[in-house]
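Residue numbers (the numbering used here), protein chains in the order written: chain A, 1 to 696; chain B, 1001 to 1290.
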């Protein structure tokens, strides 16, 4: 009878929680729809808003080409359509597709150059074909040259010549025909029937780049979609000089940054083969290696628009443990955006029925106001999506009953200057909840079938069972906790105050000037259980530039984190499972203070070389003890994701050297030493060594 | 006697000048060689002598190189503007002569007419502007210094990078250096005329900058104009992964507490006791490794 009551009580609590969650989800979706509707209304284009910053910027320059661009120039000067900016000049360049065949086509990845020689056959979507001896195209400049025994053919006829150059962005074609004698013709706006004869051409109209490096890809044909991608046909790439056949290979060089979004986790090695592409899509196969899964294949698919993108991947695709990732982003109008990331984990052989499956979804929606913005974030997780019976023996491999969810809505102001003071402020406030954060297993403490002697109690009750002993303790040996706070609500209020740069003196030389800057952040978080958190962070630096190349600064930071419980909370340390209490933990009641002194030094004698040094000393209360508090996760370089955490080594020093190793590549060598000046460590120092090759 | 010697000297000088005037040499890259003309990448076509001599530019002897696009050549013009000799090389030749001196030899059916596309006006950018209304590019190297002010909540050890379309939006394309609590800086050398789009990030796309209104921002555009040094000052208002007030940051199973709520029972069971330097460590409790 008592068991039955407990079960009913548990079910009631559970169903209440589910109703609450559904109601909140519905409210959240309604809010998103409201924002979307408002955004759609706001999206009605106005004359001022219709020109994007990108379009405006590309329309502004009207350069004169006086010298040929040097090989280092990523994008070189080009002539424009008219001296005075015209409405036509502000339009984006028209899309053109070039179909190129040649005896040999080379692609140089670091310079976005296509160089072809021998039996050139070029067909364009603009309606003409060209043949010749040599072809050169700068994909970023969006222009090409065909030279040597050139034949230009279109619907109006055929003309022979020495060279032709097409400046696609500006709709200008420069042609050197050879009829009875050579001449100079310019075709305006794609009108091949009416050449402007004798017009002076830009000096670099027929420029061939000087190339000294080995090609990245060699092919027999190419389809070039201007400003977006190239598809090489019958191609091969090179690994240590040896050709590797690829068949079709796509290189995307679009300036749309959404193509670079990816959903793959970090790997030690990643060799990418882009199988297919279009102006709006990209399909890639990845051969990867990492220490956990060794060598495996992954697949990633991109769909990209001007205001949206979708990325889907399976990683690793050839291992039993698979992560199916979906990243979505949409910007609706000028004020609203929504993005989501869903990760679905399965354990299955190829595409057989999964033995385990879990899902996590993050949703983030932002609405911009004139001087602030509101952001809603949510995380929904299911630790088992296989259905009834899947967690019972003999089926159970992974997963549990947990399905935590979180929602947070935050309003944040812009950074505002305070009167005429060199001070800026920013304030924010937020509301949200965490539901079932600790997990569904905690409910089992309240169910008799899970009581001793068959099961031990759930070891860490978590905040949701904070202060709540089970009403009917099943054991006198163990302490059982039952959930009380299944949903923890929170209210957040915070403010930041900072000064970007204050001159401390006014000497005649700028290299003798000292600058002071500081930032202070205070945040309160009140939770619906009797618990609140206060966080404040203060940091300031004094900096000086000694020469053009040499910068130094001295900084000091203090961070206080108070984890306050109105009842109970952090108890004085008692040697329960160990035989001593660590220093300073006897007085620790949940309020920590972390102090860091930093000295930074940076020397950049020229852009090709850089040396920097950062030395830090931490004094923390309580004195860090390894294993007591969780360490932060590492970033893809193996470094801690965030710098402030209890347990940080008391001393560290990081030296970093960067220098040019190739004309378009930089080596970055970084080494960090950690010194543990505390007696709890068995190792007294550690190091971290990172080498990266970066493109210039 | 003296007058005779002077006449001979004048005549010899005249002969030397005449000989010099009759032969002009320029070097450059070939665009085409066809139909009795040789074309350079300037677009100029010059008439070729029937008995043109083709040599190797390095050795001066016979060459297997054929005049073709991309080949470098040293051309010798006679007094009529006909090319009488081509010295060929597959690698760039040192600059010699000027095409301005031989442009009147170039053959063209039509009379040259000005090109309104090619502007003469030169303006410098307005203060605070990165782009002039009308800009001329020289292609010469320009030192460009990027100085970015980062949000006050940027972690002290954060690495800040510039990502750009030139690097295919590699999130770690250009690493920057911290110069104080709120600023990072890097100097790069770009040729005048370079144009690219860029954003700041902390090494990943998840940590890319967002606009002041919290939305993803359009990439900035840099157009490197003529100057010795350019300084670009930008402000990052927030990072995508650490927007102010983002209490529930994207981490699985986060709890609204900075620490474990019951830290002490979770202490590792075999921690060695703290000892003053130089003292012997006590024996471990039963069951713990030595």
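Ideal Cβ positions, reconstructed from N, Cα and C, are used throughout, including at glycine.
- [ ] Report, in whole angstroms, the separation of the C-beta atoms of residue 1223 of chain B and residue 1195 of chain B, which I expect to be a contact under 8 Å.
- [x] 5 Å
Task: residue 1007 of chain B - DSSP class collapsed to helix/strand/coil - done: helix
Task: Distance between residue 1145 of chain B and residue 281 of chain A (C-alpha atoms, nearest Å) - done: 35 Å
Open item on the list: Please report the straight-line C-alpha distance between residue 408 of chain A and residue 1213 of chain B, rounded to a whole angstrom.
Closed with: Cα-Cα distance, rounded: 18 Å.
TODO: Let me know if residue 1226 of chain B comes out buried or exposed under the rule of 16 or more other beta-carbons within 10 Å of its beta-carbon.
DONE: With 16 or more Cβ atoms within 10 Å of its Cβ, residue 1226 of chain B is classed as buried.
TODO: Work out the CA separation of residue 190 of chain A and residue 163 of chain A for me, nearest whole Å.
DONE: 17 Å
Open item on the list: So with CB distances below 7 Å, who are the chain B contacts of residue 598 of chain A?
Closed with: 1156
Task: Proximity of residue 406 of chain A and residue 377 of chain A at Cβ, strictly below 9 Å - done: Yes, the Cβ-Cβ distance between residue 406 of chain A and residue 377 of chain A is below 9 Å.
- [ ] Quick one: residues in its chain with C-beta nearer than 7 Å to the C-beta of residue 619 of chain A, no 5 flanking neighbours on either side, listed in chain order?
- [x] Once the five neighbours on either side are set aside, the close Cβ partners of residue 619 of chain A are 595.
Task: Through-space distance from residue 586 of chain A to residue 1263 of chain B, alpha-carbon basis - done: Any reading at residue 1263 of chain B must be qualified, since the residue scores a pLDDT of 40, below 50, and its modelled position is unreliable; the value itself is stated next. If you take the alpha carbons of residue 1263 of chain B and residue 586 of chain A, they lie about 12 Å apart.
Open item on the list: So, with DSSP's three-state summary, where would you put residue 1212 of chain B?
Closed with: The answer is coil: DSSP assigns residue 1212 of chain B none of H, G, I, E or B.
Open item on the list: Strictly below 8 Å CB to CB, what residues from chain B border residue 201 of chain A?
Closed with: 1043, 1115
Task: Among A:157, A:158, A:126, A:457, nearest to residue 168 of chain A - alpha-carbon criterion - done: A:126
Task: Within 9 Å of chain B by C-beta, residues of the segment 178-206 of chain A in sequence order - done: 178, 179, 180, 181, 182, 183, 184, 185, 186, 196, 197, 198, 199, 200, 201, 202, 203, 204, 205, 206
Task: Within 7 Å of chain B by C-beta, residues of the segment 110-138 of chain A in sequence order - done: 133, 134
TODO: Starting from the C-beta of residue 1204 of chain B, find all residues in its chain whose C-beta is less than 6 Å away, skip the five residues before and the five after it, and write them out in chain order.
DONE: 1171
Open item on the list: What would DSSP say about residue 416 of chain A, mapped onto helix, strand or coil?
Closed with: Under the three-state reduction of DSSP, residue 416 of chain A is assigned to strand.
Open item on the list: Residues of the segment 154-176 of chain A in Cβ contact with chain B at a cutoff of 9 Å, in chain order, please.
Closed with: 160, 161, 162, 163, 165, 170, 172, 174, 176
TODO: Could you please tell me which residues of the segment 1085-1118 of chain B, in chain order, have their CB closer than 7 Å to any CB of chain A?
DONE: Under the 7 Å Cβ criterion, the segment 1085-1118 of chain B contributes 1092, 1107, 1108, 1109, 1110, 1111, 1112, 1113, 1114, 1115, 1116, 1117, 1118.
- [ ] Please list the partners that residue 1068 of chain B has in chain A, where partner means a Cβ-to-Cβ separation under 7 Å.
- [x] Taking a Cβ-Cβ threshold of 7 Å, the residues of chain A close to residue 1068 of chain B are 133, 148, in chain order.
Open item on the list: Our contact map puts residue 1024 of chain B next to residue 1097 of chain B with C-beta atoms below 8 Å; I'd like the distance itself, whole angstroms only.
Closed with: 6 Å
TODO: With 8 Å as the limit, tell me which residues of the segment 1023-1056 of chain B have their beta carbon closer than that to any beta carbon of chain A; keep them in chain order.
DONE: Along the segment 1023-1056 of chain B, the positions whose C-beta sits under 8 Å from a C-beta of chain A are 1029, 1031, 1032, 1033, 1034, 1035, 1037, 1039, 1041, 1042, 1043, 1045, read in chain order.
Task: the segment 1030-1038 of chain B / the segment 1057-1077 of chain B touching (three or more Cβ pairs under 8 Å) - done: yes
Task: 8 Å Cβ cut-off: residues of chain B touching residue 658 of chain A - done: 1175
Open item on the list: Taking 9 Å as the threshold (beta carbon to beta carbon), is residue 551 of chain A in contact with chain B?
Closed with: yes
- [ ] Identify every run of the alpha helix (DSSP H) within the segment 268-298 of chain A, keeping only runs that are complete inside it and at least 4 residues long; order them along the chain.
- [x] none
TODO: Count the other C-beta atoms from every protein chain shown that fall within 10 angstroms of the C-beta of residue 284 of chain A, then say buried if there are 16 or more, exposed otherwise.
DONE: buried
Open item on the list: Along the chain, where does the beta strand (DSSP E) containing residue 135 of chain A start, and where does it finish?
Closed with: 129-138
Open item on the list: Just to confirm, is the Cβ distance from residue 704 of chain A to residue 165 of chain A under 9 Å?
Closed with: This structure cannot settle anything about residue 704 of chain A, because the visible part of chain A is limited to 1 through 696.
Task: Environment of residue 332 of chain A [buried if 16+ CB atoms lie within 10 Å] - done: By the neighbour-count definition (other C-beta atoms within 10 Å, threshold 16), residue 332 of chain A is a buried residue.
- [ ] Starting from residue 1032 of chain B, trace the alpha helix (DSSP H) both ways and give me its first and last residue.
- [x] Segment 1024-1034 is the beta strand (DSSP E) holding residue 1032 of chain B; no alpha helix (DSSP H) there.
TODO: Ignore the nearest five residues each way along the sequence and tell me which others in residue 179 of chain A's own chain have a CB closer than 8 Å to its CB.
DONE: Cβ neighbours of residue 179 of chain A beyond the five flanking positions: 159, 160.
Open item on the list: Taking 9 Å as the threshold (beta carbon to beta carbon), is residue 1166 of chain B in contact with chain A?
Closed with: At least one beta carbon of chain A lies nearer than 9 Å to the beta carbon of residue 1166 of chain B.
Task: Residues of its chain near residue 1007 of chain B, where Cβ-Cβ distance is below 6 Å and the 5 sequence neighbours each way are ignored - done: none
Open item on the list: With three or more C-beta pairs closer than 8 Å as the rule, is the segment 1048-1060 of chain B touching the segment 92-112 of chain A?
Closed with: no
TODO: Would you list the residues sitting across from residue 123 of chain A in a DSSP beta bridge?
DONE: Among the bridge pairs identified by DSSP, residue 123 of chain A is matched with A:99, A:129.
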